[in-house]
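Okay, so here's the structure we're looking at.
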Amino acid sequence: MKMFLNFIKYLAFPIKLKKKAFINFFLKKKLFYIFDFRKNLTLKPLRVIGLYHFALLVPNRKNLAGILRKLINNVKFEGFADHGVSEAIRNDN
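What follows is the structure in structure tokens.
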């Protein structure tokens, strides 16, 4: 949880710690997502291939560049793509 919290703070997203096991993630001052880090949770196995996707919607390329500048010294990038309607940054981490 600490590593995830540092990553979110590093990207300057507004968050609020509800309890030690929860992180509330806000978007436009509204609660958007709650991350649950309780250790006693039992997760059902999913039928997936293991691909994890994290997407950010930013208003313009200037904001995307700001996020990229924050990551560039700490992340090994595997590739970049322009899909016409979106742009992607890929890493294998």
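The opening position of the sequence shown corresponds to residue 346 in the numbering used here, with each subsequent residue numbered one higher. Don't be surprised by glycine CBs; every beta carbon is placed ideally from N, CA and C.
Closest by C-alpha distance to residue i, when choosing among the options
i: Lys421; options: Gly411, Val430, His428, Ile434; result: Ile434
i: Ala400; options: Asn351, Lys347, Asn436; result: Asn436
i: Lys373; options: Leu413, Leu402, Lys389; result: Leu402
i: Leu376; options: Leu356, Phe367, Arg383; result: Phe367
i: Ile412; options: Leu356, Asn351, Asp381, Phe380; result: Leu356
Inter-residue spacing [alpha-carbon to alpha-carbon] between residue i and residue j
i: Val430; j: Asn408; result: 16 Å
i: Glu432; j: Asn405; result: 11 Å
i: Phe370; j: Tyr378; result: 5 Å
i: Met348; j: Phe382; result: 12 Å
i: Gly424; j: Phe352; result: 20 Å
i: Asp427; j: Ala410; result: 14 Å
Cβ of residue i within 8 Å of any chain C Cβ
i: Asn419; result: Protein chain content of the structure displayed is limited to a single chain, and chain C is not contained in it.
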